[in-house]
Every structure is written in C-alpha cells, then in structure tokens.
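Numbering (full-length UniProt numbering), first residue to last: 1 to 514.
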C-alpha cells in the first residue's frame with residue numbers, strides 16, 4: 001500500500017499543533033487540516049465516491065486546497081486540479097474528459113465568479129454528479145448557487161477520523177492537464193509513487209531542514225506548486241503561507257511578516273520581486289531569513305538571476321521538469337557546483353539524454369531534444385493510448401525541449417522545439433535573443449517570437465517592456481540588436497508593451513503574442 005496522503009497524516013501525528021497553513025490572519029494547525037481532510041474523505045465515501053473515481057478541484061491558493069486534495073486521496077479517489085482561469089466551456093471539457101464524478105469549486109469574486117462558472121460547467125458534464133461550493137466567507141450558512149452544496153454544511157456531522165483507502169504505488173493519484181499549446185489539453189496521470197518519490201527527492205535537494213516557512217505563491221493547481229511547495233513542505237512539517245495569486249508587493253509583505261525561508265517561483269515572479277520598490281528595511285529582513293530560492297517553469301534570464309542575488313543575497317537554484325515528470329527531472333544540486341543558466345544534473349533515479357528528430361541519441365554537446373526516463377515519468381495520458389505511445393518509447397519520455405550538455409553533464413535549455421524560429425533556413429532560438437535583449441539598460445522584460453514573412457518564412461519580432469522612464473525606440477533596439485547578433489537572427493521588429501500575456505503560472509504566452 002502507498003497513499004500520498006501520508007504526507008499530511010504523518011505530519012499531523014508528529015506535529016499536530018504546528019501551523020500547517022497560514023492565510024491572512026488564519027493559522028491552521030496540522031491536526032485541523034488533517035481532520036477536515038478526513039471529513040472530506042467521509043463525505044465522498046457517503047456519496048459512493050472512492051477507489052479510482054475522479055474528483056475535480058477548482059481553487060486558488062487557499063486553505064481549502066490541501067484539505068480537499070488530501071481528503072480525495074484518503075478516499076482512494078483521484079484529484080483533478082483545474083486552472084482557476086478556465087472558462088465554463090473549458091471546465092466542462094476537463095470534467096468530461098477526466099470523467100470527474102464531483103467538483104469542489106471556490107466561490108470566487110465578482111471579478112472572477114469561479115463558482116458560477118464552475119456550476120455552469122458542472123451542469124454540462126454528464127458524469128459529474130456532485131457540486132460542492134467552497135465559500136468565500138467560511139461563516140456562510142446558505143449557498144449562493146441553487147443546487148450547490150456548501151462545503152462546511154456538507155461536512156457537518158461527518159467524522160473527523162478516517163481509515164485511509166488502500167492504494168497501490170502505481171495507482172493514479174492526480175491527473176494534471178497540460179496547457180494544450182497544440183490541440184486539446186491532455187491529462188497526465190501521476191501515480192502515488194511518482195509524486196511521493198519526487199517530493200522526497202526534491203526535499204534532499206533544496207530543503208534539508210525541518211519546519212521551514214514556505215511562501216505558496218505558485219498556483220497549487222499546477223504540479224510545480226503541488227510537488228515542490230505543498231508536498232515537500234508538508235513532508236518537512238513546514239508552514240505553508242498562502243498567497244491566492246502572485247502580487248510582488250504582497251509577496252514582499254508576506255516574506256517579511258512570516259520570515260519566509262523558502263521561495264519557489266517562475267522567472268516572471270522573480271522579475272516582479274526584482275522590479276518592486278522594496279524598502280531597505282524589508283530587503284534586510286528578507287536577506288536575513290531567505291535560505292533557498294528555486295526557479296522552474298521556464299528559462300530564468302541571467303539578468304534576473306544576477307539582480308535577485310544582488311538585491312536579496314540569494315542564489316536562485318534552477319531546476320527542470322514538466323507535468324508529465326511529476327515534475328522535477330533535473331536540478332542544480334547543493335553538493336555540486338551551481339552553474340548559472342543551467343538546469344543542472346538529473347535528480348536521483350532519473351536519466352536524461354539528448355535525441356535527434358528520429359529519436360536516436362545525440363552524443364557530446366548537442367543540441368538535441370531532452371528525453372527522460374525514471375521513477376518520475378507519468379503513467380500515461382488519461383484515455384489517450386495513442387498520445388501516450390507517441391510521447392513515451394521504451395520508457396523514455398520526449399519533452400519537446402531543446403538543450404545542450406557540457407562536459408560535466410550539466411544541461412542548458414536552448415528553447416522549446418516548437419518555439420524555435422526558422423528564418424531563411426536558419427534556426428533561431430528565442431531564449432538566446434531574450435537573454436541578450438535584457439542586458440540593454442532600457443529593457444526590463446522581453447519575449448521573442450517568429451511572425452510570418454513572405455520570403456524568409458518567419459521574421460523575428462521582440463515584445464519589450466521598457467524600464468521605468470526609458471525612452472528607447474524601436475529603431476534604437478533594432479540597431480543595437482544588429483550589433484549584438486548574427487545578421488540572420490537579430491529582431492527586425494520591436495513592439496513595446498506595458499505588460500505581456502501570461503498563464504496563471506506566470507509563463508509568457510508566446511502563442512498569444514504570435
């Protein structure tokens with residue numbers, strides 16, 4: 001037997017009175033979070049939901065998330081976390097594709113009426129029988145949505161003890177839907193074994209001490225936030241300080257107030273911290289307490305890494321992974337030299353190699369597409385055997401990411417294979433251009449994409465956010481780029497923006513820019 005809920009249960013047994021979750025003025029000990037998770041499991045069992053059934057969860061970073069997440073696992077069911085920015089049609093697709101029998105959905109706000117959208121989707125999904133509303137006001141006694149169960153009302157009378165269902169290591173624990181950059185999103189089935197071992201491996205890499213305080217600003221519906229923050233944090237009996245959605249000013253305030261030791265984020269979050277006007281006093285407090293900073297999700301620009309190190313005194317350790325790899329596949333280890341700009345070495349129990357378009361191994365430096373094999377590889381795409389067979393060959397998962405490898409085995413991401421620009425027959429990797437563009441004193445953030453061109457096939461375009469007060473023009477940047485890059489790869493087109501479109505996890509949406 002192996003059930004991922006042991007992360008919460010074991011912590012609750014050993015440190016029942018320690019703060020597990022902090023949200024605003026709310027501080028919840030491990031014993032309380034575990035007890036509510038038990039009530040959720042009992043509720044599901046009372047409604048005939050259990051072993052192998054799918055239960056969807058649509059909730060931002062709030063105390064509800066771990067309560068429901070681990071309650072579903074305790075019942076032997078499968079958690080299907082949903083991106084909170086999905087629209088009703090998209091929610092309905094995920095519910096139908098996963099075969100979810102229940103949906104736990106946060107009420108939301110007037111700006112994001114998540115509950116109303118979730119209920120509209122619930123009514124379209126034939127297999128989904130139960131809708132439980134997570135109220136914005138925990139003291140609410142009536143559901144604002146007719147036909148929806150109110151979370152605390154539904155739990156009333158449910159026992160706060162539960163004998164966890166017997167699940168096997170290879171049973172599916174969580175289905176994570178990929179972003180669907182090509183075609184419809186696919187659900188990656190991650191097992192109890194995948195997720196528990198990945199959390200334990202991550203713990204040995206960058207946590208290493210008990211009772212840390214972690215800022216939970218990565219969305220928990222994303223596997224990066226689930227494994228590298230929530231699951232590892234609970235494994236180490238840490239305190240999870242919840243931030244419903246990343247905001248640099250609020251993040252700084254929470255880091256100061258709660259004396260945060262661990263920060264994990266995507267590059268745009270670090271850019272936000274770097275560009276935020278932080279007082280000297282707050283900087284000093286953060287420098288005193290921040291022990292580990294971890295980056296993943298996409299390539300971290302060198303200028304951001306250097307800036308964070310100078311401002312907060314913290315080195316950002318870069319890692320690499322995907323939803324399909326639970327997620328961590330490689331990392332800059334604390335027992336080996338850290339190489340800025342590198343995604344590090346494969347983690348324990350995981351192999352990586354470079355392959356060509358035909359799937360044959362590429363020797364030496366590369367470049368080539370990263371392929372991964374190990375305990376972290378998903379079981380497969382839910383209900384899609386053909387897509388699974390295309391992605392995994394002889395246990396090797398093809399990532400679609402292009403990398404180089406140095407003589408010591410460290411990997412360096414070049415770009416996403418699909419993001420590569422082909423201009424006049426020459427391959428151009430946007431990340432290289434973005435790194436150099438951000439060394440310009442008037443450039444705060446840059447994203448480079450290919451746009452259609454009648455003779456070259458694709459032309460290179462840069463979207464740029466200027467630093468405050470900068471007056472650099474398009475002609476200025478094009479001329480500067482001509483001096484920095486080979487003639488076939490400097491950006492010929494520059495468009496200035498006040499902001500760039502991003503996913504809920506903070507990745508720049510290049511498909512929208514295209």
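Every residue gets a Cβ at the ideal spot worked out from N, C-alpha and C, and that includes glycine.
Using CA coordinates, which residue listed in the options is at the minimum distance from residue i?
i           : options            : result
residue 226 : 276, 395, 166, 83  : 83
residue 175 : 7, 221, 459        : 221
residue 133 : 161, 102, 421      : 102
residue 334 : 43, 204, 307, 40   : 204
residue 186 : 153, 18, 128, 387  : 387
residue 74  : 18, 3, 23          : 3
residue 47  : 79, 118, 129, 13   : 129
residue 370 : 76, 297, 393, 404  : 404
residue 147 : 97, 6, 119, 373    : 119
residue 492 : 484, 292, 145      : 484
residue 111 : 391, 29, 85        : 85
residue 366 : 196, 406, 384      : 406
residue 486 : 432, 443, 18, 463  : 432
residue 247 : 215, 401, 258      : 215
residue 1   : 164, 441, 275, 298 : 164
residue 381 : 184, 298, 374, 503 : 184
residue 236 : 161, 6, 257, 383   : 6
residue 468 : 257, 457, 276      : 276
residue 383 : 94, 19, 66         : 94
residue 192 : 377, 109, 418      : 377
Please tell me whether residue i and residue j are closer than 8 angstroms, where the distance is taken between their beta carbons.
i           : j           : result
residue 270 : residue 339 : no
residue 92  : residue 125 : yes
residue 121 : residue 88  : yes
residue 423 : residue 490 : no
residue 355 : residue 368 : yes
residue 239 : residue 213 : yes
residue 201 : residue 349 : yes
residue 260 : residue 290 : yes
residue 21  : residue 60  : no
residue 331 : residue 341 : no
residue 389 : residue 352 : no
residue 510 : residue 447 : yes
residue 528 : residue 76  : In the structure as shown, the chain begins at 1 and stops at 514. Residue 528 is therefore absent and cannot be evaluated.
residue 421 : residue 414 : no
residue 372 : residue 393 : no
residue 173 : residue 79  : yes
residue 228 : residue 304 : no
residue 505 : residue 224 : yes
residue 145 : residue 116 : yes
residue 466 : residue 496 : yes
residue 42  : residue 159 : yes
residue 195 : residue 231 : yes
residue 494 : residue 464 : yes
residue 313 : residue 296 : no
Locate the alpha helix (DSSP H) running through residue i, then write down its first and last residues.
i           : result
residue 430 : 430 to 437
residue 46  : 30 to 46
residue 234 : 232 to 235
residue 64  : 64 to 74
residue 517 : What the structure shows of the chain is the stretch from 1 to 514, and residue 517 is not part of that stretch, so it cannot be assessed.
residue 565 : Nothing can be reported for residue 565: it is not among the residues displayed for the chain, which extend from 1 to 514.
residue 482 : 474 to 484
residue 212 : No alpha helix (DSSP H) holds residue 212; DSSP gives it neither H nor E.
Below 8 angstroms on the Cβ atoms is my guess for residue i versus residue j; work out the distance and round it to an integer in Å.
i           : j           : result
residue 255 : residue 286 : 5 angstroms
residue 90  : residue 188 : The pair is not a contact, with the Cβ atoms about 17 angstroms apart (cut-off 8 angstroms).
residue 131 : residue 58  : About 10 angstroms; that fails the 8 angstroms criterion.
residue 273 : residue 244 : Contact doesn't hold; Cβ gap of about 17 angstroms is too wide.
residue 218 : residue 154 : About 29 angstroms separates the two Cβ atoms, so there is no contact after all.
residue 449 : residue 513 : 5 angstroms
residue 267 : residue 300 : 5 angstroms
residue 10  : residue 29  : About 15 angstroms separates the two Cβ atoms, so there is no contact after all.
residue 470 : residue 498 : About 12 angstroms; that fails the 8 angstroms criterion.
In terms of residues, what are the limits of the beta strand (DSSP E) holding residue i?
i           : result
residue 327 : No beta strand (DSSP E) holds residue 327; DSSP gives it neither H nor E.
residue 308 : Per DSSP, residue 308 belongs to no beta strand (DSSP E); it is in the alpha helix (DSSP H), 302 to 312.
residue 9   : Run containing residue 9: none in the beta strand (DSSP E); it sits in the alpha helix (DSSP H), 6 to 14.
residue 123 : Looking at the DSSP string, residue 123 is not in any beta strand (DSSP E); the run it does join, the alpha helix (DSSP H), is 114 to 124.
residue 508 : Unbroken run through residue 508: none, as it is neither H nor E.
residue 173 : 172 to 177
residue 93  : Here residue 93 belongs to no beta strand (DSSP E); instead the alpha helix (DSSP H) covers 88 to 98.
residue 451 : 443 to 453
residue 411 : 411 to 416
residue 274 : Element bounds for residue 274: not the beta strand (DSSP E) but the alpha helix (DSSP H), 267 to 275.
How about residue i: is its Cβ closer than 7 angstroms to a heavy atom in the ligand FMN?
i           : result
residue 410 : By its list of ligands, the structure shown contains no ligand whatsoever, and the ligand FMN lies outside what it can speak to.
Exercise for the section: Count the C-beta pairs between the stretch 29 to 44 and the stretch 58 to 76 that are closer than 8 angstroms, then say yes if the count reaches three, no if not. Expected result: Yes, the stretch 29 to 44 touches the stretch 58 to 76.
Problem - Inter-stretch contact (C-beta, 8 angstroms, three-pair minimum) for the stretch 423 to 440 and the stretch 479 to 492 - result: Cβ pair count under 8 angstroms is three or more, so yes.
Handout entry: Cβ pair count under 8 angstroms reaching 3, the stretch 164 to 174 against the stretch 138 to 156
Key = The answer is no - the stretch 138 to 156 does not touch the stretch 164 to 174, with fewer than three Cβ pairs under 8 angstroms.
Problem - At least 3 beta-carbon pairs within less than 8 angstroms: the stretch 351 to 364 vs the stretch 283 to 297 - result: As far as the Cβ criterion goes, the stretch 351 to 364 does not touch the stretch 283 to 297, which means the pair count is below three.
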